[in-house]
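Just so we're aligned: the sequence shown equals residues 1102 to 1314 in my numbering.
The beta carbon of each residue, even a glycine, is placed where N, CA and C say it ideally should be.
As the structure is a computational prediction, the values presented were derived from the model and not from experiment.
Encoded as structure tokens, the structure appears first; notes follow it.
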Amino acid sequence: GTKMAFVKMEDKTSEGEVIIFPNLYSEISEKLKIDTVLKIEGKISARDREGNLKSDAQIIAETVSIITDEELENYESTGRRADGLKARKVPQTKTVSQKVSNTQKKAFTPKNNSVVSNKSSEKSTSNPSRSAENYQAEKIQRVFVHIKNPSDHESLLSVKKICGKFPGMSEIILVLGEVEKSAIRMPFKVDSNSDLPKELVRLLGEDCVVLKD
1102 GTKMAFVKME
1112 DKTSEGEVII
1122 FPNLYSEISE
1132 KLKIDTVLKI
1142 EGKISARDRE
1152 GNLKSDAQII
1162 AETVSIITDE
1172 ELENYESTGR
1182 RADGLKARKV
1192 PQTKTVSQKV
1202 SNTQKKAFTP
1212 KNNSVVSNKS
1222 SEKSTSNPSR
1232 SAENYQAEKI
1242 QRVFVHIKNP
1252 SDHESLLSVK
1262 KICGKFPGMS
1272 EIILVLGEVE
1282 KSAIRMPFKV
1292 DSNSDLPKEL
1302 VRLLGEDCVV
1312 LKD
């Protein structure tokens, strides 16, 4: 199966998540080691599908290269700070949909290459926590999600965000493409008995979400 990666990285000021899609991952997978200093060049995704500014930005990697010890020793800061993203007011009388992405270069240090899901401290009535016995009593199904256009990064990010809201025991598999399809088993599991399928259908359409035993 095809592989992709969600890489958690950090520099001296903050942490961030880098998404590496299959084509690039197949080229640089051996470089993704803990504590290796990398230079990531790509696009910053900081807005959702409706054009609203998100609380956290993600980098969609386009190139990945290793920073050598010699380059680190000879590095000199330019003293210039990257321009920050500014929130934009959206009129209440109409909906504005706009995709915004900025190309930016930044050197990070990988902390680990595992997917980190943020669990809310608030109790959810639609997806209450369940014990292992509860899961065994319910039917655990695999969730297949069809992404017809693998270049639609916004849809991929939205799928991952939705899945993070419904952790569970079911495998989730992304099917990328329409003609030449490739399947990717995600490195986390979801709750197929929750509102997850409904939210995925709302995002992608009923023909793109299938539950199988």
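C-alpha distance - residue i paired with residue j, whole-angstrom precision
| i | j | result |
| --- | --- | --- |
| residue 1159 | residue 1259 | 12 Å |
| residue 1129 | residue 1283 | 19 Å |
| residue 1312 | residue 1265 | 18 Å |
| residue 1242 | residue 1254 | 26 Å |
| residue 1104 | residue 1303 | 26 Å |
| residue 1314 | residue 1272 | 10 Å |
| residue 1118 | residue 1109 | 5 Å |
| residue 1261 | residue 1138 | 26 Å |
| residue 1257 | residue 1107 | 12 Å |
| residue 1127 | residue 1121 | 10 Å |
| residue 1175 | residue 1308 | 54 Å |
| residue 1114 | residue 1140 | 16 Å |
| residue 1123 | residue 1171 | 30 Å |
Buried or exposed (CB count within 10 angstroms, at least 16 for buried), residue i
| i | result |
| --- | --- |
| residue 1306 | exposed |
| residue 1167 | exposed |
| residue 1173 | exposed |
| residue 1135 | exposed |
| residue 1294 | buried |
| residue 1310 | buried |
| residue 1146 | buried |
| residue 1251 | buried |
| residue 1292 | buried |
| residue 1280 | exposed |
Contact belief for residue i with residue j at Cβ below 8 Å, rounded distance in angstroms
| i | j | result |
| --- | --- | --- |
| residue 1285 | residue 1275 | 5 Å |
| residue 1269 | residue 1299 | About 15 Å separates the two Cβ atoms, so there is no contact after all. |
| residue 1263 | residue 1297 | 7 Å |
| residue 1132 | residue 1165 | 6 Å |
| residue 1163 | residue 1142 | 6 Å |
Residue i - partner residues in DSSP beta bridges
| i | result |
| --- | --- |
| residue 1107 | 1120 |
| residue 1164 | 1142 |
| residue 1302 | In the DSSP output, where bridge partners are listed per residue, residue 1302 has none listed. |
| residue 1312 | 1244 |
Where are the beta strand (DSSP E) runs, 3 residues long or more, that stay fully inside the segment 1237-1295, in chain order?
1243-1248, 1268-1277 and 1283-1291
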